[in-house]
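Since the structure comes first, as structure tokens, the remarks are kept for the end.
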Amino acid sequence: MRWTGNIRFLLLLPAVIWVLAFTVFPLGYSLYLAFYKLEQKVEVKREKVPVLDNEGKPALDSQGQPRTKNIVNKQQVNVATFIGLDNFRRLLRDPQVHSAVRVTLTFVLIAVPTELALGFLLATLFNQHLFGRPVLRAIMILPIFATPLAVGYSFFTIFYEVGGPLAWTGIAFLSHPNWALFSVILVDVWQWTPFCFLVFLAALQGVPGELYEAARVDGANFLDMLKEVMLPLLTPTIVIVLLLRFAEALKLFDIPFALTGGGPGVATQPLSLLAFRTGLRFFDLGYASAMAYALLAAAMIVITLFFRRLRETYD
Amino acid sequence: MHGFKRSMLALPALALFAVSASAQNVEWKDDGTVLLKLGEAYNNAVIETTREELGSEFGPDKKPFEGVTITVTVNGAGPKGGISGPLYQFRPIWEELSGGKVNIVELPFEEHYTKMMLDLRNGTGQYDAFMVGAFWYGDVVPAGYAYAIDELQKSGKYPKWTYDDMPPALKTLHQWKGVGYGILNDGDGQVLYYRNDVLADATHQEAFKKEYGYDLPNPPQTWQQLLDISKYFNGKNWDSNDADPDSGTVLHLKVGQQGHYHFQSLSASFVINPGEKVTRTQNVYWFDPEDMKPLINSPGHVKALEFLQELHKTGPSAQVGWSLGEAWDYFLRGKAIFVFSWGDVGALCQDTSRSKIKGKCAAAMLPSSNEYYDFEKKEFMKVEQPRQVGNTTGGSWHGVISNFSANPEAVYSFLSLMAIRPVSKLMATVGWDGVDPGFSYQFLEEDGGTAKIDDYVKAGWDANDAKTYTHAYHELFYAPTMLTYLRIPGSFEYWDILDKNLSAAMSGEKNAKQALDDTATAWEGVTDRIGRDKQKADYQAAIGYQP
Numbered sequence: 272m273r274w275t276g277n278i279r280f281l282l283l284l285p286a287v288i289w290v291l292a293f294t295v296f297p298l299g300y301s302l303y304l305a306f307y308k309l310e311q312k313v314e315v316k317r318e319k320v321p322v323l324d325n326e327g328k329p330a331l332d333s334q335g336q337p338r339t340k341n342i343v344n345k346q347q348v349n350v351a352t353f354i355g356l357d358n359f360r361r362l363l364r365d366p367q368v369h370s371a372v373r374v375t376l377t378f379v380l381i382a383v384p385t386e387l388a389l390g391f392l393l394a395t396l397f398n399q400h401l402f403g404r405p406v407l408r409a410i411m412i413l414p415i416f417a418t419p420l421a422v423g424y425s426f427f428t429i430f431y432e433v434g435g436p437l438a439w440t441g442i443a444f445l446s447h448p449n450w451a452l453f454s455v456i457l458v459d460v461w462q463w464t465p466f467c468f469l470v471f472l473a474a475l476q477g478v479p480g481e482l483y484e485a486a487r488v489d490g491a492n493f494l495d496m497l498k499e500v501m502l503p504l505l506t507p508t509i510v511i512v513l514l515l516r517f518a519e520a521l522k523l524f525d526i527p528f529a530l531t532g533g534g535p536g537v538a539t540q541p542l543s544l545l546a547f548r549t550g551l552r553f554f555d556l557g558y559a560s561a562m563a564y565a566l567l568a569a570a571m572i573v574i575t576l577f578f579r580r581l582r583e584t585y586d
Numbered sequence: 368m369h370g371f372k373r374s375m376l377a378l379p380a381l382a383l384f385a386v387s388a389s390a391q392n393v394e395w396k397d398d399g400t401v402l403l404k405l406g407e408a409y410n411n412a413v414i415e416t417t418r419e420e421l422g423s424e425f426g427p428d429k430k431p432f433e434g435v436t437i438t439v440t441v442n443g444a445g446p447k448g449g450i451s452g453p454l455y456q457f458r459p460i461w462e463e464l465s466g467g468k469v470n471i472v473e474l475p476f477e478e479h480y481t482k483m484m485l486d487l488r489n490g491t492g493q494y495d496a497f498m499v500g501a502f503w504y505g506d507v508v509p510a511g512y513a514y515a516i517d518e519l520q521k522s523g524k525y526p527k528w529t530y531d532d533m534p535p536a537l538k539t540l541h542q543w544k545g546v547g548y549g550i551l552n553d554g555d556g557q558v559l560y561y562r563n564d565v566l567a568d569a570t571h572q573e574a575f576k577k578e579y580g581y582d583l584p585n586p587p588q589t590w591q592q593l594l595d596i597s598k599y600f601n602g603k604n605w606d607s608n609d610a611d612p613d614s615g616t617v618l619h620l621k622v623g624q625q626g627h628y629h630f631q632s633l634s635a636s637f638v639i640n641p642g643e644k645v646t647r648t649q650n651v652y653w654f655d656p657e658d659m660k661p662l663i664n665s666p667g668h669v670k671a672l673e674f675l676q677e678l679h680k681t682g683p684s685a686q687v688g689w690s691l692g693e694a695w696d697y698f699l700r701g702k703a704i705f706v707f708s709w710g711d712v713g714a715l716c717q718d719t720s721r722s723k724i725k726g727k728c729a730a731a732m733l734p735s736s737n738e739y740y741d742f743e744k745k746e747f748m749k750v751e752q753p754r755q756v757g758n759t760t761g762g763s764w765h766g767v768i769s770n771f772s773a774n775p776e777a778v779y780s781f782l783s784l785m786a787i788r789p790v791s792k793l794m795a796t797v798g799w800d801g802v803d804p805g806f807s808y809q810f811l812e813e814d815g816g817t818a819k820i821d822d823y824v825k826a827g828w829d830a831n832d833a834k835t836y837t838h839a840y841h842e843l844f845y846a847p848t849m850l851t852y853l854r855i856p857g858s859f860e861y862w863d864i865l866d867k868n869l870s871a872a873m874s875g876e877k878n879a880k881q882a883l884d885d886t887a888t889a890w891e892g893v894t895d896r897i898g899r900d901k902q903k904a905d906y907q908a909a910i911g912y913q914p
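Residue numbers (our numbering), protein chains in the order written: chain A, 272 to 586; chain B, 368 to 914.
Written out as structure tokens, the structure reads:
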């Protein structure tokens, strides 16, 4: 019994190490960085040692001098200075952050509801008897499997304003700030509506047919059924999809990175792209960490409030 | 069994093939000359050099770096792409000469700096050298990440080239406080390319004079003249290549894709106050060297940006989302009268698979503004004669050796092989390789260089295009007044902020003043974060300011 108990912990150990190494440690380290100014430097000491030939004698170079090889000794010197809440205070007065928050919120507030609404409508349509439904459904869900970065580059060619397939519209898809943001939203909606559709369709198909029959007998039309049967039964699914999409949309990165580069100006630069550039292009790691934590905190607050409200409704 | 026997027999044949294949790129002649044989990308060109020029380490029976593998990073453009291409093409030659191996790591332009800095900051030492832009020096050299090459250069052991072949403006970009770090490769600066055939057309000259009241200058001497000409031609179908209307000036303005260089080159003559030396008000562009306060939102800069906004209207509106390639192709297809850009365009004009304007693609020193903002008097000054302001705008992409490399000699010998005169001269005449001219042996004799027009004609150039091109670059790099280059820690970040705000201005999101005021405010933040005194010292050293 005791042996079984010990091995239980032993078997859990790889998972624990994994979580500690790849989840807890990065979280903790980035939190540490947010409160410190880190200056990294590597000191190099170079030592030349003679190269020996096969007989163990020093090999000579073209000028008859002993040939040498380099031994490079490196020493990492990190200086961390505690700066308290400076990075968080900086967030409040940084126009780039304000703009990125505005872009992120605009994106989330337009893209996510659109994806849910379109997904739901398509699911109700596919929940009917439809000619070629299996094939159409398979085609519908294809965008989910595409890599967002590749999707961004593909749509770059579609939105190309001189000679592109949509050039005839005369719309400045990529060169006007508002249209560029619209393009990013459009691509995201194209890619993620199928996910909403798929989940809603599965949920709709789980609704017993008798409920529709009963509603029909009571004289309900489609809108009545939507309001009285489908929506109440699907609310938990809608909430889950909403939260998943909300969390995912907050992390928006790949599509603007590939499609617009965050531009024109910073018109399509979301917070995650700004954090990435701040941390890994300009190596302002503490400030980038503060941005990431601010985003995490905002998302957690919204999600917590949402769940609380939901719990109140169901209780 | 049969298969095994056959493969056993094939082994010696394969080995023989391998020996002959590996020995086919270099030919050692008895008279001391050495032939370096290039592949199809360079039209199987054969470069003649000498044993002396290749340095004492290389020889017919020598393999000085046998067993050594070096890794070099470069902006990703492929085996026949700008800057990366020559590495691929010269790799087999160096491997044959040295016995070593070269790994070429291509990184997208947006990620190259990041990957390099991660490697250097963490001391990983994964890469032996980087093909850097000169604006990265401020982050790399003062931190001790780069390997000084003066000793290697003096040793005489490796392929020989000299900083003396460079104009002073380019030489500075390869050194830091007088110590050499960069290995000669590319000379960047922006010149004006224009359609001389269209500007010389009598019908257009007459119509232009009627509309603007003065003779159509060919080429324009001032930016204001260039704007008039651009406006005149924009929207007209002045080219017989297609039935669509054509443009005046084409620009590449996509954020993060080097669009801010257009502004730098253009604004220089609106801003820089000429003078014998660098003072607080003369020959400065970026910061006040006394207190590191940004000058980027000065009235001169603002006027230049307003001008660029106006000029941008004479090109396709889509150019706000265009990178280099798209803007260049638009010009090469004969769709615009002007583009101001790097040396690549002149060479690409000659590539008839991509260009419709070979023989019609003239180049000139950039025009100048007819007024500039005087920092001393705090007012705009009119100029009678356009004054030439040169630039080294761009990266002048070249190799810098990592201080963590265990094989700096091997890397140096590889990168120096591409820096010897006959190699560098050939590379500058070829369009696809991204290596632009700037060194004495690439300029024509009439400009004080040693190249002949035949060198360019043999490489497929139109003689007139080549003459104006090399002359324009000579004037650009030896101009009496130069745009100072920003090479301090954080340069990349300063430029990124400028780039985003310029993009916002060009897309109409911000007006010129607002965009540059926002840039200045953000720059102050960067300066304070890195350390004002430290930045001031580096800036003063970089521009040669004596307090």
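Glycine is no exception: its CB is placed at the ideal position from the N, C-alpha and C atoms.
Q | Contact the region 637 to 651 of chain B vs the region 721 to 728 of chain B: 3+ CB pairs below 8 Å | A | Too few Cβ pairs lie closer than 8 Å, so no.
Q: Taking 8 Å as the cut-off, decide whether the C-beta atoms of residue 311 of chain A and residue 896 of chain B are in contact.
A: The count along the first sequence starts at 1 and reaches residue 311 of chain A at position 40. The count along the second sequence starts at 1 and reaches residue 896 of chain B at position 529. No.
Q | 7 Å Cβ cut-off: residues of chain A touching residue 621 of chain B | A | Here residue 621 of chain B refers to the residue found at position 254 when the second sequence is read from its first residue. For a Cβ distance threshold of 7 Å, residue set 532 and 534 of chain A lies close to residue 621 of chain B, ordered along the chain.
Q: Compute the Euclidean distance between the alpha carbons of residue 372 of chain A and residue 827 of chain B, then round it to the nearest angstrom.
A: Taking the first residue of the first sequence as position 1, residue 372 of chain A is located at position 101. Taking the first residue of the second sequence as position 1, residue 827 of chain B is located at position 460. Computed Cα separation, rounded: 53 Å.
Q. So with Cβ pairs under 8 Å, would you call residue 483 of chain B a contact of chain A?
A. To locate residue 483 of chain B, count along the second sequence from 1; it is residue 116. So, not an interface residue.
Q.
Just to confirm the assignment, what range does the alpha helix (DSSP H) spanning residue 785 of chain B have?
A. For the purposes of this step, residue 785 of chain B is taken as residue 418 along the second sequence, with counting starting at 1. Looking at the DSSP string, residue 785 of chain B is not in any alpha helix (DSSP H), and its letter there is neither H nor E.
**Q.** Within chain A, partners of residue 480 of chain B - CB distance below 8 Å
**A.** Reading the second sequence from its first residue, position 113 is the one you call residue 480 of chain B. The answer, in chain order, is 552.
Q: Label residue 416 of chain B either buried or exposed according to how many other C-beta atoms from any shown protein chain fall within 10 Å of its C-beta, with 16 as the threshold for buried.
A: For the purposes of this step, residue 416 of chain B is identified with residue 49 of the second sequence, where counting begins at 1. So residue 416 of chain B counts as buried.
Q.
Going by DSSP in three states, residue 610 of chain B sits in which element: helix, strand or coil?
A. One-based indexing of the second sequence puts residue 610 of chain B at position 243. Annotated three-state conformation of residue 610 of chain B is coil, per DSSP.
Q: Output yes if chain B places a C-beta closer than 8 Å to the C-beta of residue 448 of chain A; else output no.
A: As a first step, residue 448 of chain A is located in the first sequence; it is residue number 177 there, counting from the start. Contact of residue 448 of chain A with chain B is assigned, a C-beta pair being separated by under 8 Å.
Q | Residues within the region 751 to 774 of chain B neighbouring chain E, beta-carbon criterion of under 8 Å | A | Included in the structure are the protein chains A and B, with no chain E among them.
Q | Start and end residues, beta strand (DSSP E) containing residue 487 of chain A | A | The residue you call residue 487 of chain A lines up with position 216 of the first sequence. It is not in any beta strand (DSSP E) - residue 487 of chain A instead sits in the alpha helix (DSSP H) that spans 480 to 488.
Q.
Is it the case that the region 275 to 293 of chain A contacts the region 529 to 546 of chain A, given that we only count it when at least three CB pairs across the two stretches are under 8 Å?
A. The region 529 to 546 of chain A is not in contact with the region 275 to 293 of chain A.
Q. Does the Cβ of residue 894 of chain B have 16 or more other Cβ atoms within 10 Å, making it buried, or fewer, making it exposed?
A. For the purposes of this step, residue 894 of chain B is taken as the residue at position 527 of the second sequence. Result: buried.
Q) With which residues is residue 741 of chain B paired in a DSSP beta bridge? A) Locating residue 741 of chain B in the second sequence gives position 374, counting from the first residue. In the DSSP output, where bridge partners are listed per residue, residue 741 of chain B has B:746.
Q: List the residues of chain A whose Cβ lies closer than 7 Å to the Cβ of residue 604 of chain B, in chain order.
A: Your numbering for residue 604 of chain B matches position 237 in the second sequence. Going along chain A, no residue has its Cβ under 7 Å from residue 604 of chain B, so there is no contact; the nearest lies around 16 Å.
(Q) Going residue by residue through the region 402 to 453 of chain A, where are the continuous beta strand (DSSP E) segments of at least 3 residues, counting only ones entirely within it? (A) For the region 402 to 453 of chain A, not a single whole beta strand (DSSP E) run of length 3 or above is found.
Q | Inter-residue Cα distance where the pair is residue 529 of chain A and residue 391 of chain A | A | Within the first sequence, residue 529 of chain A is the residue found at index 258, counting from 1. Within the first sequence, residue 391 of chain A is the residue found at index 120, counting from 1. Cα-Cα distance, rounded: 29 Å.
Q. Buried or exposed: where does residue 458 of chain B fall if 16 or more other Cβ atoms within 10 Å of its Cβ makes it buried?
A. Numbered from 1 along the second sequence, position 91 holds the residue referred to as residue 458 of chain B. The residue in question, residue 458 of chain B, is buried, as its Cβ has 16 or more Cβ neighbours within 10 Å.
Q: Find out if the Cβ-Cβ distance for the pair residue 378 of chain A, residue 290 of chain A is shorter than 8 Å.
A: As a working note, residue 378 of chain A is residue 107 in the first sequence. As a working note, residue 290 of chain A is residue 19 in the first sequence. With contacts defined by Cβ atoms closer than 8 Å, residue 378 of chain A and residue 290 of chain A do not form a contacting pair.
Q. If you draw a straight line from the C-alpha of residue 882 of chain B to the C-alpha of residue 384 of chain A, how long is it?
A. Position 515 of the second sequence, counted from the start, is the residue given in the question as residue 882 of chain B. Position 113 of the first sequence, counted from the start, is the residue given in the question as residue 384 of chain A. Taking the straight line joining both Cα atoms gives about 33 Å.
Q | CA-to-CA distance, residue 572 of chain A to residue 623 of chain B, given in whole angstroms | A | Locating residue 623 of chain B in the second sequence gives position 256, where the first residue counts as 1. Locating residue 572 of chain A in the first sequence gives position 301, where the first residue counts as 1. Approximately 34 Å, taken between the alpha carbons.
Q.
Could you pull the DSSP bridge partners for residue 346 of chain A from this structure?
A. In the first sequence, counting from the first residue as 1, residue 346 of chain A sits at position 75. According to DSSP, residue 346 of chain A bridges with A:314.
**Q.** Sheet register partners of residue 473 of chain B (DSSP bridge)
**A.** As a position in the second sequence, residue 473 of chain B is number 106, starting the count at 1. Answer is B:441.
Q | As assigned by DSSP and simplified to three states, the class of residue 645 of chain B | A | Your numbering for residue 645 of chain B matches position 278 in the second sequence. Coil at residue 645 of chain B, not helix or strand.
**Q.** Identity of the residue in B:813, B:420, B:633 and B:435 nearest residue 467 of chain B by Cα
**A.** As a first step, residue 467 of chain B must be located in the second sequence, where it is residue number 100. Nearest C-alpha to residue 467 of chain B: B:435.
Q. Looking at the C-beta of residue 846 of chain B, does it have a partner C-beta in chain A at a distance below 8 Å?
A. By one-based count along the second sequence, residue 846 of chain B stands at place 479. No Cβ of chain A is located within less than 8 Å of the beta carbon of residue 846 of chain B.
**Q.** Supposed contact pair residue 764 of chain B and residue 553 of chain B - C-beta distance, whole angstroms, cut 8 Å
**A.** By one-based count along the second sequence, residue 553 of chain B stands at place 186. By one-based count along the second sequence, residue 764 of chain B stands at place 397. Contact flag correct, Cβ pair sits at about 5 Å.
Q | Unbroken beta strand (DSSP E) run spanning residue 704 of chain B, endpoints | A | Translated into positions along the second sequence, residue 704 of chain B becomes position 337. Annotation: the continuous beta strand (DSSP E) that includes residue 704 of chain B extends over 703 to 708.
Q | Proximity test, Cβ basis, 8 Å: residue 423 of chain B and chain A | A | Looking up residue 423 of chain B in the second sequence gives position 56. So, interface residue.
Q. Since residue 498 of chain B sits in a beta bridge, which residues does DSSP pair it with?
A. The residue labelled residue 498 of chain B in the question sits at position 131 within the second sequence. According to DSSP, which records beta bridges pairwise, residue 498 of chain B is partnered with B:766.
Q: Flag residue 576 of chain A as yes when its Cβ comes closer than 7 Å to any non-hydrogen atom of the ligand SAM, and as no otherwise.
A: The ligand SAM is absent from the structure shown, which contains no ligands of any kind.
Q) Name the chain B residues that come within less than 7 Å of residue 433 of chain A, Cβ to Cβ? A) Working through the first sequence from its first residue, we reach residue 433 of chain A at position 162. Per Cβ cutoff of 7 Å: 683 and 685.
Q) What residue does the alpha helix (DSSP H) around residue 404 of chain B start on, and which one ends it? A) The residue labelled residue 404 of chain B in the question sits at position 37 within the second sequence. No alpha helix (DSSP H) contains residue 404 of chain B, which is instead part of the beta strand (DSSP E) from 400 to 404.
Q. Taking C-alpha atoms, which residue in B:413, B:396, B:545 and B:886 lies nearest to residue 404 of chain B?
A. Position 37 of the second sequence holds residue 404 of chain B. Ranking the options by Cα distance to residue 404 of chain B, first place goes to B:413.
Q) DSSP state of residue 552 of chain A, grouped into three classes? A) Numbered from 1 along the first sequence, position 281 holds the residue referred to as residue 552 of chain A. In the three-state DSSP reduction, residue 552 of chain A falls in the coil class, being neither helix nor strand.
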